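**Student:**
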Amino acid sequence: MTPKPNNIPVHPIHFVPSIKTYVTNPDVLPIKGMSYISDFLTVDEQKEIWDTVYSNPFSTVIHRRQQFYGETYYHTTPNISSLQPLDNQTQLDSQNDNVADLKVENGDMKRCWTGKEAPKALPLKLFDSLIEKLINAGFFTKEDPPTQILVNEYSGPMGISNHYDDDKAFGDTIATISLGKPIWLNLQLPERQNNVCKSILKQTKVFLEPGSLFVMQTDARYVWRHGISNAKWIRYPDNTPVRRDDDYVRVSLTIRKLLDGRKRVTKTTTDWLEIPDV
Ligand SMILES: O=C(O)CCC(=O)C(=O)O
Ligand SMILES: [Fe+2]
1 MTPKPNNIPV HPIHFVPSIK TYVTNPDVLP IKGMSYISDF LTVDEQKEIW DTVYSNPFST
61 VIHRRQQFYG ETYYHTTPNI SSLQPLDNQT QLDSQNDNVA DLKVENGDMK RCWTGKEAPK
121 ALPLKLFDSL IEKLINAGFF TKEDPPTQIL VNEYSGPMGI SNHYDDDKAF GDTIATISLG
181 KPIWLNLQLP ERQNNVCKSI LKQTKVFLEP GSLFVMQTDA RYVWRHGISN AKWIRYPDNT
241 PVRRDDDYVR VSLTIRKLLD GRKRVTKTTT DWLEIPDV
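Using the UniProt record's numbering, the first residue of the sequence shown is number 1, and each one after it goes up by one.
1. Can ASN25 be considered in contact with ligand 1, in the sense that its beta carbon sits closer than 7 angstroms to one or more heavy atoms?
2. Please confirm whether any heavy atom of ligand 2 lies closer than 7 angstroms to the CB of ASP39.
3. So does the region 199-213 actually touch the region 27-36, counting three or more Cβ pairs closer than 8 angstroms?
4. Compute every distance between the C-beta of ILE234 and the non-hydrogen atoms of ligand 1, then say whether any falls below 7 angstroms.
5. Does the pairing of the region 38-47 with the region 216-233 give three or more beta-carbon distances under 8 angstroms?
6. With distances taken between CB atoms, is the gap from ALA175 to LEU122 smaller than 8 angstroms?
7. Nearest-angstrom Cα distance between ASN56 and PHE139?
8. Among ASP260, THR254, TRP224, LEU259, which residue has its Cα nearest to the Cα of LEU134?
9. Using only the alpha-carbon positions, how far apart do ASN239 and ASP247 sit?
10. Quick one: does the C-beta of ASP165 sit closer than 7 angstroms to a heavy atom of ligand 2?
11. Answer yes or no: the CB of HIS226 versus the heavy atoms of ligand 2, is any distance below 7 angstroms?
12. Let me make sure I understand the geometry here. Which of GLU209, ARG192, LYS181 has the alpha-carbon closest to that of PRO222?
13. When we look at the beta-carbon of PRO190 and count the other beta-carbons within 10 Å, is it buried (16 or more) or exposed?
14. Is the beta carbon of GLU153 sitting closer than 8 angstroms to the one on ARG64?
15. Between which two residues does the beta strand (DSSP E) harbouring VAL23 extend?
In structure tokens form, the structure reads like this:
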């Protein structure tokens, strides 16, 4: 066991009663278009979604394991054709090809597709009741429902760099369900609205608890960047230091509508390039 470092950041942590969560900098609130519902899912609903996720294979194309339900969109920053979606029907037809790595870890069945190949789409209908709940809560409409759920599995100190969800690829509403262990989500207002600007005008962290729903629309979607740190140690709101060991697993479901403007690559290449974890 690595000794606890004495430099784990101590943020003054504030409970914000109006959104029922903890943030490190309440002065930046409210952020237009940001919604947080701490108890969106019951414990039974969380368990049901968790079991659905772990009964399906994960893609291992990037460090963080992922699943794509419904329409697909991959990490298209590097133009690698092997990472681009096949048409959805082809994927659904072949979704059980090449499934391997059947492992049991911490009691969970973990199935992965082998190799660095395009992740296959899984059926979105597995999450019909979750989508209905989001529509009933007013975040999407029946006429304009989400078309994709991306599952990200963060185990140990994995994170995701601060970023904007691509505005050509995804609709106006980005909804995130959190399961498993809680995590701090970074929210940053950079001087320039791109993924690399280092000049940060305002920032806060928001504590995402299991069963919670976090939604980004308007400013929270297009003006503020979001991400998760890869720190090995974090502090819970009561200041307890917590080590993100391999069994510290958070699973998130990012629920969005894919737009026709999303990037696609048509040229065929068998080259494999290392993909940064974004
Ligand atoms: O895991 C999360 O809560 C955030 C995931 C995310 O930002 C994304 O997939 O674009
Ligand atoms: Fe995102």
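All residues carry an ideal CB built from backbone N, CA and C; glycine is no exception.
These figures come from a predicted structure and were not determined experimentally.
**Tutor:** On the basis of the data shown:
1. Taking the first residue of the sequence shown as 1, we reach residue 25 at position 25. Checking the Cβ of ASN25 against ligand 1 gives no.
2. Here residue 39 is taken as the residue at index 39 of the sequence shown, counted from 1. False, no ligand heavy atom lies under 7 angstroms from that Cβ.
3. yes
4. Against the sequence shown, residue 234 aligns to sequence position 234. No.
5. no
6. Taking the sequence shown and counting its residues from 1, one reaches residue 175 at position 175. Taking the sequence shown and counting its residues from 1, one reaches residue 122 at position 122. For ALA175 and LEU122, no; Cβs fall outside 8 angstroms.
7. Counted from its first residue, the sequence shown places residue 56 at position 56. Counted from its first residue, the sequence shown places residue 139 at position 139. About 27 angstroms.
8. Reading the sequence shown from its first residue, position 134 is the one you call residue 134. Checking every option, the nearest Cα to that of LEU134 belongs to THR254.
9. Translated into positions along the sequence shown, residue 239 becomes position 239. Translated into positions along the sequence shown, residue 247 becomes position 247. So the alpha carbons of these two residues sit roughly 20 angstroms apart.
10. Looking up residue 165 in the sequence shown gives position 165. It does: the Cβ of ASP165 is within 7 angstroms (strictly closer) of some heavy atom of ligand 2.
11. Here residue 226 refers to the residue found at position 226 of the sequence shown. Indeed, a heavy atom of ligand 2 lies less than 7 angstroms from the Cβ.
12. On the sequence shown, residue 222 is found 222 positions in, with the first residue counted as 1. The amino acid occupying residue 222 in the given sequence is Tyr; Pro does not appear at that position. For the residues GLU209, ARG192, LYS181, the minimum Cα distance to TYR222 belongs to ARG192.
13. What you label residue 190 is simply residue 190 of the sequence shown in a count that begins at 1. Looking at its Cβ environment, which holds 16 or more other Cβ atoms inside 10 Å, PRO190 is buried.
14. Along the sequence shown, read from residue 1 onward, the residue named residue 153 stands at position 153. Along the sequence shown, read from residue 1 onward, the residue named residue 64 stands at position 64. Yes, the pair counts as a contact, with Cβ atoms nearer than the cut-off.
15. Stepping through the sequence shown from its first residue, residue 23 is reached at position 23. Per DSSP, VAL23 belongs to the beta strand (DSSP E) from 21-23.
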